[in-house]
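S.K.:
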Amino acid sequence: MKNMPSASCETLLDDIEDIVSQQDSKPQDRHFARKHILPKARRRNTQMCLQEEDSPPSDSTIPGIQKIWIRTWGCSHNNSDGEYMAGQLAAYGYKITESASDADLWLLNSCTVKNPAEDHFRNSIKRAQEENKKIVLAGCVPQAQPRQDYLQGLSVIGVQQIDRVVEVVEETIKGHSVRLLGQKKDNGKRLGGAPLDLPKIRKNPLIEIISINTGCLNACTYCKTKHARGNLASYPIDELVDRAKQSFQEGVCEIWLTSEDTGAYGRDIGTDLPTLLWKLVEVIPEGAMLRLGMTNPPYILEHLEEMAKILNHPRVYAFLHIPVQSASDTVLMAMKREYCVADFRRVVDFLKEKVPGITIATDIICGFPGETDQDFQETVKLVEEYKFPSLFINQFYPRPGTPAAKMEQVPAQVKKQRTKDLSRVFHSYSPYDHKIGERQQVLVTEESFDSKFYVAHNRFYEQVLVPKNPTFMGKMVEVDIYESGKHFMKGQPVADAKVYTPSISKPLAKGEVSGLTEEFRSRHGGPLSSTSQGVLAGSRVGLWLQRLPQDGALMVSVGLTLLALLLAFFVKLYN
Numbered sequence: 105m106k107n108m109p110s111a112s113c114e115t116l117l118d119d120i121e122d123i124v125s126q127q128d129s130k131p132q133d134r135h136f137a138r139k140h141i142l143p144k145a146r147r148r149n150t151q152m153c154l155q156e157e158d159s160p161p162s163d164s165t166i167p168g169i170q171k172i173w174i175r176t177w178g179c180s181h182n183n184s185d186g187e188y189m190a191g192q193l194a195a196y197g198y199k200i201t202e203s204a205s206d207a208d209l210w211l212l213n214s215c216t217v218k219n220p221a222e223d224h225f226r227n228s229i230k231r232a233q234e235e236n237k238k239i240v241l242a243g244c245v246p247q248a249q250p251r252q253d254y255l256q257g258l259s260v261i262g263v264q265q266i267d268r269v270v271e272v273v274e275e276t277i278k279g280h281s282v283r284l285l286g287q288k289k290d291n292g293k294r295l296g297g298a299p300l301d302l303p304k305i306r307k308n309p310l311i312e313i314i315s316i317n318t319g320c321l322n323a324c325t326y327c328k329t330k331h332a333r334g335n336l337a338s339y340p341i342d343e344l345v346d347r348a349k350q351s352f353q354e355g356v357c358e359i360w361l362t363s364e365d366t367g368a369y370g371r372d373i374g375t376d377l378p379t380l381l382w383k384l385v386e387v388i389p390e391g392a393m394l395r396l397g398m399t400n401p402p403y404i405l406e407h408l409e410e411m412a413k414i415l416n417h418p419r420v421y422a423f424l425h426i427p428v429q430s431a432s433d434t435v436l437m438a439m440k441r442e443y444c445v446a447d448f449r450r451v452v453d454f455l456k457e458k459v460p461g462i463t464i465a466t467d468i469i470c471g472f473p474g475e476t477d478q479d480f481q482e483t484v485k486l487v488e489e490y491k492f493p494s495l496f497i498n499q500f501y502p503r504p505g506t507p508a509a510k511m512e513q514v515p516a517q518v519k520k521q522r523t524k525d526l527s528r529v530f531h532s533y534s535p536y537d538h539k540i541g542e543r544q545q546v547l548v549t550e551e552s553f554d555s556k557f558y559v560a561h562n563r564f565y566e567q568v569l570v571p572k573n574p575t576f577m578g579k580m581v582e583v584d585i586y587e588s589g590k591h592f593m594k595g596q597p598v599a600d601a602k603v604y605t606p607s608i609s610k611p612l613a614k615g616e617v618s619g620l621t622e623e624f625r626s627r628h629g630g631p632l633s634s635t636s637q638g639v640l641a642g643s644r645v646g647l648w649l650q651r652l653p654q655d656g657a658l659m660v661s662v663g664l665t666l667l668a669l670l671l672a673f674f675v676k677l678y679n
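The opening residue of the sequence shown carries number 105 in our numbering; numbering runs sequentially from there.
(1) Just curious, the beta strand (DSSP E) that Val272 is in, first and last residue?
(2) Under three-state DSSP, which class holds Thr463?
(3) If we count the other Cβ atoms within 10 Å of its Cβ and call it buried at 16 or more, is Ala422 buried or exposed?
(4) Cα separation between Arg226 and Arg449?
(5) Does Phe553 pass the burial test, meaning 16 or more other C-beta atoms within 10 Å, or should it be called exposed?
(6) Alpha carbon to alpha carbon, how far is Asn308 from Ala204?
(7) Can you tell me where the beta strand (DSSP E) with Tyr403 in it begins and where it stops?
(8) Taking a contact to mean a Cβ-Cβ separation below 8 Å, would you say Ala348 touches Ile314 in this structure?
(9) Between the stretch 562–573 and the stretch 520–530, do at least 3 Cβ pairs fall closer than 8 Å?
(10) Which of the three DSSP states is assigned to Lys238 in this structure?
(11) Measure the beta-carbon distance from Asp267 to Leu241 and round it to whole angstroms, keeping in mind my assumption that it falls under 8 Å.
(12) Please classify Ile341 as buried or exposed, where buried requires at least 16 other C-beta atoms within 10 Å of its C-beta.
(13) Taking the alpha carbon of Lys590 as the point to measure from, which residue in Val583, Ser555, Pro493, Lys328 has its own alpha carbon closest?
(14) How about Leu344 and Leu396: do their beta carbons lie closer than 8 Å?
(15) Under 6 Å Cβ to Cβ from Gly257, same chain only, skipping five residues before and after it: list those, please.
(16) For Pro535 and Val445, what's the separation of their Cα atoms in angstroms?
(17) Tell me where the beta strand (DSSP E) around Tyr490 begins and ends.
(18) For Pro143, I'd like the list of residues in its chain whose CB is within less than 8 Å of its CB, leaving aside the five on either flank, ordered along the chain.
(19) Classify Ile540 as buried or exposed, calling it buried when 16 or more other Cβ atoms lie within 10 Å of its own Cβ.
(20) Can you tell me whether Tyr536 is helix, strand or coil according to DSSP?
(21) Classify Asp185 as buried or exposed, calling it buried when 16 or more other Cβ atoms lie within 10 Å of its own Cβ.
(22) Starting from the Cα of Pro378, find the closest Cα among Thr366, Thr276, Tyr565, Asn182 and give me that residue.
(23) Among the residues of its own chain, which have a CB less than 8 Å from the CB of Val518, if the five just before and after it don't count?
(24) Go ahead and pull the three-state DSSP assignment for His425.
(25) May I ask you to verify whether the stretch 427–444 touches the stretch 455–472, counting CB pairs closer than 8 Å and requiring at least 3?
(26) How many angstroms separate the CA atom of Gln614 from the CA atom of Leu300?
(27) Tell me, please, which residues DSSP counts as bridged to Val583.
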């Protein structure tokens with residue numbers, strides 16, 4: 105409770121002066137006495153005093169003042185989760201820092217797709233412990249395998265509980281270990297996850313990542329992400345459209361739609377991906393762009409005609425990421441991918457015909473259990489035929505708890521060699537040489553890793569490097585292509601060409617919190633309503649219960665007792 109009602113004190117005290125007795129000195133007496141006291145000058149370090157008053161010591165246990173370093177591994181969905189957690193923490197008062205050494209607490213947001221990603225995660229935990237940092241773990245690794253030894257005793261927040269990150273961090277700062285791994289449900293039906301209108305800090309203020317659903321409908325034998333994200337759960341269309349509108353109002357000029365499988369969107373709530381995309385297209389301002397995320401072949405097959413129309417829209421990138429994983433039907437069957445290579449070819453061929461110039465990106469796993477030399481050669485031939493401009497080549501890693509981990513493995517040296525061989529094929533062709541001399545319109549959104557260029561993308565989401573002219577950032581620019589590399593082109597802005605400014609607001613500053621609506625401020629910033637206080641108190645009780653020994657009967661008994669006391673308190677207080 106933040107504010108106790110004044111009525112609770114009226115029966116005890118009518119006025120503050122009632123506590124002063126006849127024998128006590130009056131204010132005027134104390135004032136007269138001060139006239140006969142000679143003050144002694146005392147030097148003090150004003151700057152130091154100001155620092156002490158303004159900022160408590162760094163090792164203070166008062167929540168809401170610490171510095172937090174956030175590290176995220178993995179996909180764009182995970183990156184979106186990291187942005188949401190950063191935004192909520194910053195809105196509460198924590199300082200998000202880019203310096204791991206300066207931070208009081210590390211929030212490690214993990215990826216479980218491959219062994220190397222989990223190894224980095226585990227090593228970061230060890231380093232944090234060596235540096236005596238407070239630690240909160242998030243992402244797919246602890247959600248999928250919460251009982252792993254190296255996670256014991258540490259606070260964990262599940263992938264569907266990121267809207268409670270402030271509570272978990274607060275308890276961790278106090279020295280408690282908290283775990284929130286439950287699923288969000290409404291009348292027993294699983295929801296997509298945390299609300300989309302939470303505050304966030306975008307890694308790039310010009311790009312908004314929107315998760316349209318979580319989980320998937322597949323059961324791939326190699327996939328550990330399924331254990332973390334679960335079955336398909338889609339967000340309603342109106343919530344997604346509202347999120348997009350808010351993003352454009354905050355100066356975003358590019359939206360990425362992401363999920364474990366965008367093609368499966370809506371199957372659990374009676375709608376589909378094309379319906380969502382047409383609604384989103386209506387609210388995209390001129391000069392802004394939409395990029396569609398990864399979709400598996402089975403669920404895009406039935407929407408090919410509509411998808412071709414959408415990908416031809418001027419405010420949608422003609423780009424689609426469709427993982428094939430292998431060109432061998434035998435391997436695909438062992439993976440339980442629920443399609444054959446002919447299905448993949450049909451999708452790609454149709455889109456290349458109906459959407460001229462479309463970029464098709466794909467993924468391939470090398471050395472899946474049971475993959476023969478002939479199986480691998482079929483995959484090589486597919487790459488040679490289609491010459492994918494964007495190809496993600498992954499050596500197979502058996503993930504604990506997956507069916508593929510129990511299969512007979514391909515020798516490590518063979519897996520490595522196949523990965524090298526396929527990489528050699530990929531680097532044998534140049535996908536952009538024929539575009540030299542073209543005039544293209546590109547959207548500039550970020551700076552290159554070497555800080556020498558700005559990075560833009562053309563209609564087909566192909567990367568174009570342009571000169572670092574600050575007036576270009578977040579704008580549509582017309583360029584002439586004069587050079588190409590394996591993964592990029594270079595463009596020279598056309599002389600006297602108009603730099604097109606999208607019809608959107610000024611972007612937020614880097615690190616600025618998005619989504620601090622009046623509704624959020626009233627929920628979390630100002631005095632809480634009695635309902636909000638009850639919810640907050642209930643969540644605190646829930647966290648406290650999760651710190652108790654894991655005895656089911658004790659948990660239920662103590663929980664019911666506390667809830668009864670809490671209810672009685674509110675009834676007495678407000679009646």
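Backbone N, C-alpha and C fix where the C-beta goes; we use that ideal spot for every residue, glycine too.
M.R.: Short version:
(1) Taken as a continuous stretch (DSSP letters only), Val272 belongs to no beta strand (DSSP E), being part of the alpha helix (DSSP H) at 269–277.
(2) strand
(3) buried
(4) 39 Å
(5) exposed
(6) 20 Å
(7) Run containing Tyr403: none in the beta strand (DSSP E); it sits in the alpha helix (DSSP H), 401–404.
(8) yes
(9) no
(10) strand
(11) Not really, about 17 Å apart at Cβ, beyond 8 Å.
(12) buried
(13) Pro493
(14) no
(15) Ser281
(16) 23 Å
(17) No beta strand (DSSP E) contains Tyr490, which is instead part of the alpha helix (DSSP H) from 477–490.
(18) Note that Pro143 has pLDDT 45, beneath the 50 cutoff, so the model's placement of it is unreliable and no number is given.
(19) exposed
(20) coil
(21) buried
(22) Thr366
(23) Gly471
(24) strand
(25) yes
(26) The question names Gln, yet the displayed sequence has Lys at residue 614. Taking the straight line joining both Cα atoms gives about 20 Å.
(27) Gln544, Pro597
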